[in-house]
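Counted from 1, the sequence shown has number 16 at position 8 by my numbering; the numbering is strictly sequential.
Where is the CB? At the ideal position from N, CA and C, for every residue including glycine.
In this text, all values refer to a predicted model and were calculated from it rather than measured experimentally.
The structure appears right after this line, and notes come after that.
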Amino acid sequence: MDSLRRLGTAIAEAQDREGPAVDLQAQRVRFLERATKREQRRPAKRVAAYAVFAAAAAALLFFLLRAPSLSFEIAGTRGRPGDWIAAPPDSEIPIRFSDGSEVVLERDAGARVVEVGSKGAVLVVERGTLRADVVHRDDTEWQVNAGPFEVHVVGTRFDVAWDPSREAFSLILHEGAVRVVGPMGDSGRVVRAGERLDIQVGEASPTSSLPAATAVASAAEVPSAAHTASTEGSSSASAEVVVAPSASASWRSLADKGDNRAAWAAIEAEGVDVVMRRSNAAELVSLSDVARFAGRPAHASAALNELRKRFPKDPAAADAAFLLGRMAFDQRGAPSSAAVWFETYLREKPSGAFAREAMGRLLECYQKNGSNEAARTLAMQYVASYPKGPHAELARRIVDEAPAPSPSSEQPIAP
């Protein structure tokens, strides 16, 4: 027995030498610490998961509750933004919107609905007379553009007319009020119910505050400011007789003042050809503007052609190509000629100030000419370059509807 006891004691002493005794209390403490840390991490993970879920739910709720854009019908057929709407010479075309607003194109008028949103729409009158009856709401946002003029609408009933050949604008307010922004030399003009505003671009003083009993004239009969004042007796503007100044008068100083009729009279007094030959590039641009505002589109084009002929390296030469294309498209209704000029501008000034507008206009030219494959190729370029541009909707529709181009198809000028 003593020998067994001695053996047990020796084994115990050997174990003590091999390592420290197990501290059960320390192990318990460490176990509880690890358990507490795990419990602290779990709520953090749950909070992150809840945050992700809440963000996704908020995004979905915003999408579901977002007010849809207005829809519209053209003579009973569903309309699409960007479509050209032209009334025939013998009838009107109604455009009805889903908010209850209604627009009517009078005979031989042309317009586009270029943008629709949840609060209103943007329309462009390209020629003729448009009658609008816009439903009033607290957040209504409607706009009607005619030439260089913008009519900002809240809720009202009005008629607006635009004659592009004479650059004559006319507005009659039947109900409510609108603000007109344009080349009047100020921040805009408020027109109220019972008032009429007639402006010919380049006139020093537009005619306003006329009785609205008389309907807006047709596109071919939109009066100039001076003519309206003399025939209808405006209380706010008197008839202005333009007397041809002497040949020594400076047409440029008159143009700088915005008196384009007097400037053109001075040019004619000196001789149009003489003035053109003496003018530099900048003066030829100004001369073209004066001619255009004075209702002389042929002379306006001649001045720009003269600029490109004599000053081909001047930066204004490319801009002249764009302006020639715009005049060919808007005033002469010649999309083939306009396309050549827009292509020229994009080739000479691909990143110029008018690049987006030139590409969009060129897209319209291809569409009107039936150049479907060129239109599709250009439409893809437009969407890639200007995804939110004014012609983006038209470009996407062309891409979606047109067949894929063949290898030998015509290609547009790459900007």
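Taking 8 Å as the limit between beta carbons, can you name the residues of its chain near residue i, skipping five residues before and five after?
i, result
"Ala-290", "Ala-324"
"Asp-98", "Arg-115"
"Pro-172", "Glu-134, Arg-135, Gly-155, Asp-338, Gln-339"
"Glu-302", "According to the sequence provided, residue 302 is Ala. The question's Glu does not apply to it. Closer than 8 Å at the Cβ level, and outside the excluded window around Ala-302, lie Gly-210, Asn-268, Arg-269, Ala-271, Trp-272."
"Val-407", "Arg-384, Ala-387, Met-388, Val-391"
"Asn-377", "Pro-343, Ser-344, Ala-347"
"Pro-96", "Arg-115, Asp-116"
"Ser-226", "Low confidence applies here, because Ser-226 scores a pLDDT of 34, under 50, leaving its location unreliable; read the following figure in that light. Result list for Ser-226: Glu-114, Arg-115, Asp-116, Gly-136, Thr-137, Ala-169, in chain order."
"Ala-1", "What is shown of the chain runs 9 to 423, which leaves residue 1 out entirely."
"Leu-72", "Because Leu-72 sits at a pLDDT of 43, beneath the cut-off of 50, its placement in the model cannot be relied upon, and the following sentence gives the value as read from the coordinates. Hits under 8 Å: none found."
Mark residue i as exposed unless 16 or more other C-beta atoms lie within 10 angstroms of its C-beta, in which case mark it buried.
i, result
"Ala-274", "buried"
"Val-133", "buried"
"Trp-170", "buried"
"Glu-409", "exposed"
"Leu-121", "A small correction: the amino acid at residue 121 is Val; Leu does not occupy that position in the sequence shown. Label assigned to Val-121: buried."
"Arg-285", "exposed"
"Glu-81", "exposed"
"Val-282", "exposed"
"Asp-147", "exposed"
"Pro-305", "buried"
"Ser-106", "exposed"
"Ala-221", "Caution is warranted here: a pLDDT of 35 is assigned to Ala-221, below 50, making its placement in the model unreliable, and the coordinate value is therefore given only provisionally. Looking at its Cβ environment, which holds fewer than 16 other Cβ atoms inside 10 Å, Ala-221 is exposed."
Give me the Cβ distance between residue i and residue j, rounded to the nearest whole Å; I'm assuming they're in contact under 8 Å.
i, j, result
"Thr-137", "Ala-117", "6 Å"
"Ala-129", "Leu-205", "Not confirmed; about 22 Å, so no contact."
"Ser-181", "Ala-154", "According to the sequence shown, residue 181 is Leu rather than Ser. With a Cβ gap of about 15 Å, Leu-181 and Ala-154 do not count as contacting."
"Arg-88", "Arg-405", "7 Å"
"Thr-164", "Glu-183", "5 Å"
"Val-111", "Leu-131", "7 Å"
"Glu-158", "Val-124", "Incorrect: roughly 17 Å between the Cβ atoms, too far for contact."
Leaving out the 5 sequence neighbours to the left and right, which residues in its chain are closer than 7 Å to residue i when beta-carbon positions are compared?
i, result
"Gly-108", "Val-143"
"Val-280", "His-307"
"Glu-401", "Pro-89, Gly-90"
"Ala-403", "Leu-371, Ala-387, Tyr-390, Val-391"
"Leu-83", "Looking at the sequence itself, residue 83 is Ala, so the reference to Leu does not match. The residues are Ile-101, Pro-102."
"Pro-191", "Pro-156, Val-209"
"Ala-326", "Tyr-353, Glu-356, Lys-357, Gly-360"
"Pro-398", "Val-122, Gly-368"
"Asp-141", "Ser-109, Glu-110, Arg-165"
"Glu-311", "According to the sequence as given, residue 311 is Ala; it is not Glu. Cβ neighbours of Ala-311 beyond the five flanking positions: Met-284, Leu-292, Leu-295, Ser-296, Ala-299."
"Gly-341", "none"
"Arg-438", "The shown model of the chain, from 9 to 423, leaves out residue 438, and the question about it has no answer."
"Leu-315", "Ala-289, Leu-292, Val-293, Ala-324, Ala-325, Ala-328"
Can you determine whether any heavy atom of the ligand ATP sits closer than 7 Å to the C-beta of residue i, and answer yes or no?
i, result
"Phe-177", "Ligands displayed in this structure: none; no statement on the ligand ATP is therefore possible."
Below 6 Å CB to CB, which residues in the same chain sit around residue i once its five sequence neighbours on both sides are set aside?
i, result
"Ala-308", "Ser-296, Ala-299, Arg-300"
"Ser-345", "Ala-336"
"Cys-373", "Pro-343, Ala-346, Ala-347"
"Asp-91", "none"
"Phe-350", "Gly-333, Ala-366, Arg-369, Leu-370"
"Arg-187", "His-160, Gly-196, Val-198"
"Trp-259", "Ala-271, Ala-274, Ile-275"
"Asn-313", "none"
"Arg-139", "Val-112, Asp-167"
"Gln-375", "Ala-383"
"Phe-362", "Phe-330"
"Ser-393", "none"
"Asp-3", "For residue 3 there is no data in the structure shown, the boundaries of the chain being 9 and 423."
If you measure from the beta carbon of residue i to each beta carbon in chain D, is any gap under 8 Å?
i, result
"Gln-339", "The structure shown contains no chain D; it holds only a single protein chain."
### Task
Identify every run of the alpha helix (DSSP H) within the segment 353-377, keeping only runs that are complete inside it and at least 4 residues long; order them along the chain.
363-377
### Message
My parser needs the beta strand (DSSP E) runs of 3 or more residues fully inside the segment 92-169; what are they?
### Response
92-94, 101-105, 110-113, 118-124, 129-141, 150-154, 157-161
### Query
Any contact of the segment 351-358 with the segment 378-390, i.e. 3+ C-beta pairs under 8 Å?
no
### Task
Just list the alpha helix (DSSP H) runs in the segment 276-312, keeping only unbroken ones of 4 residues or longer that don't cross its boundaries, in chain order.
280-286, 289-301
### Query
Quick one: complete alpha helix (DSSP H) runs, 4+ long, within the segment 378-402?
380-393
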